[in-house]
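Asks: Got a structure here, written out as structure tokens. Questions coming.
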Amino acid sequence: MRKPFVAGNWKMNKTVAQASMLVQELLLGLQAVPEVERVLCPPFTSLMILSAQLANTGVGLGAQNLHWEASGAYTGEIAPQMVKEFCGYVIIGHSERRAFFAESDETVNKKLKAALALGLIPIVCIGETLSEYETGKTGEVVKRQVLLGFKEIDTAIASQIVVAYEPIWAIGTGKASTGEDANAVLKDHIRPALANLFGSAVAQGIRILYGGSVTAANAEEFFHQSEVDGALVGGASLKPSEFIKIVEAARP
Ligand code: PGA
7 MRKPFVAGNW KMNKTVAQAS MLVQELLLGL QAVPEVERVL CPPFTSLMIL SAQLANTGVG
67 LGAQNLHWEA SGAYTGEIAP QMVKEFCGYV IIGHSERRAF FAESDETVNK KLKAALALGL
127 IPIVCIGETL SEYETGKTGE VVKRQVLLGF KEIDTAIASQ IVVAYEPIWA IGTGKASTGE
187 DANAVLKDHI RPALANLFGS AVAQGIRILY GGSVTAANAE EFFHQSEVDG ALVGGASLKP
247 SEFIKIVEAA RP
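Numbering (the working numbering), first residue to last: 7 to 258.
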């Protein structure tokens with residue numbers, strides 16, 4: 007049984023004071039849904055204060071990125087141990103990082119290894135562009151992202167990984183995929199690629215989320231699918247009642 011998982015990716019939104027207020031608005035509602043693993047991913051600057059606010063609530067805290075090196079001359083970067091001080095989770099390889107900050111399957115692989123080595127639960131994002139989608143390359147693209155991104159990961163810890171399938175054309179556009187289409191990508195391409203690397207028993211235990219314009223109105227459509235174990239939510243995670251409804255919809 008894969009425990010449902012919903013993460014809110016706040017992206018580059020909220021000052022510390024605003025983040026703290028948003029957590030206050032979310033907390034009661036989120037605490038009422040322990041059947042779902044729920045995680046908030048604010049900007050780095052709010053991690054310290056939110057880690058105190060979320061202590062002993064059952065609600066997890068994640069960073070949106072990390073560097074793979076332990077320390078050194080990497081201006082503007084955050085080391086895995088610095089994330090680990092406050093967080094249990096970290097998003098890796100979000101399509102915005104890939105598009106705007108030159109992240110690749112190779113850097114994703116380094117970050118994934120660094121996160122796993124510290125016991126952080128990585129949420130690894132994959133997904134095709136609009137032109138790849140339109141030319142029928144979705145399967146090929148996500149398989150490559152899994153094979154390269156998850157290269158040389160120890161099978162014994164692979165089940166810690168959470169995968170987020172986010173078609174790039176669906177992110178922040180209001181044009182979500184359909185439950186059926188997303189499920190088909192997970193079933194026909196992503197889980198088989200994971201099985202290739204780790205064997206089918208381990209692959210069956212790895213949680214795969216859908217992400218891209220998830221709202222309270224469409225969440226159930228995704229969560230009812232056999233392969234979809236939850237969601238990575240961007241825009242809607244900044245709206246307390248909306249995000250709480252999405253988490254509630256993920257109840258098994
Ligand atoms: P969105 O973003 O829900 O705003 O489409 C999802 C994501 O980028 O993770």
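Note that CB positions come from ideal geometry on N, CA and C, so glycine has one too. This structure is a prediction, so every number in the text was calculated from the model and none was measured.
May I ask which residues mark the beginning and end of the alpha helix (DSSP H) holding Val208?
Replies: Counting along the chain, the alpha helix (DSSP H) containing Val208 begins and ends at Ser206 to Gly211.
Asks: Can you give me the C-alpha to C-alpha distance between Leu53 and Phe92, rounded to a whole angstrom?
Replies: Roughly 6 Å between the two C-alpha positions.
Asks: Whose C-beta lies closer than 7 Å to the C-beta of Gly180 among residues of the same chain, with five residues either side of it excluded?
Replies: Ser219, listed in sequence order.
Asks: Quick one: give me the first and last residue of the alpha helix (DSSP H) that Pro10 is part of.
Replies: Per DSSP, Pro10 belongs to no alpha helix (DSSP H) and is neither H nor E.
Asks: Provide the residue span of the alpha helix (DSSP H) that contains Ile55, from first to last.
Replies: Segment Leu53 to Leu60, the alpha helix (DSSP H) holding Ile55.
Asks: What is the rounded straight-line gap between the Cα of Leu126 and the Cα of Lys90?
Replies: C-alpha separation (whole angstroms): 7 Å.
Asks: Using only alpha-carbon positions, find the residue among Ala120, Ile214, Ile55 and Glu43 that is nearest to Leu28.
Replies: Measuring from the Cα of Leu28, the nearest candidate turns out to be Ile55.
Asks: Consult DSSP for Ile84 and reduce its assignment to one of helix, strand or coil.
Replies: The answer is coil: DSSP assigns Ile84 none of H, G, I, E or B.
Asks: Should the region 67-87 be called in touch with the region 117-126, which here means at least 3 C-beta pairs below 8 Å?
Replies: Touching, yes, given that three or more Cβ pairs across the two stretches are closer than 8 Å.
Asks: Tell me which residues share the same chain as Leu244 and place their Cβ nearer than 8 Å to its Cβ, disregarding the 5 neighbours each side in the sequence.
Replies: Taken in chain order, the residues that qualify are Gly14, Trp16, Asn19, Lys20 and Leu28.
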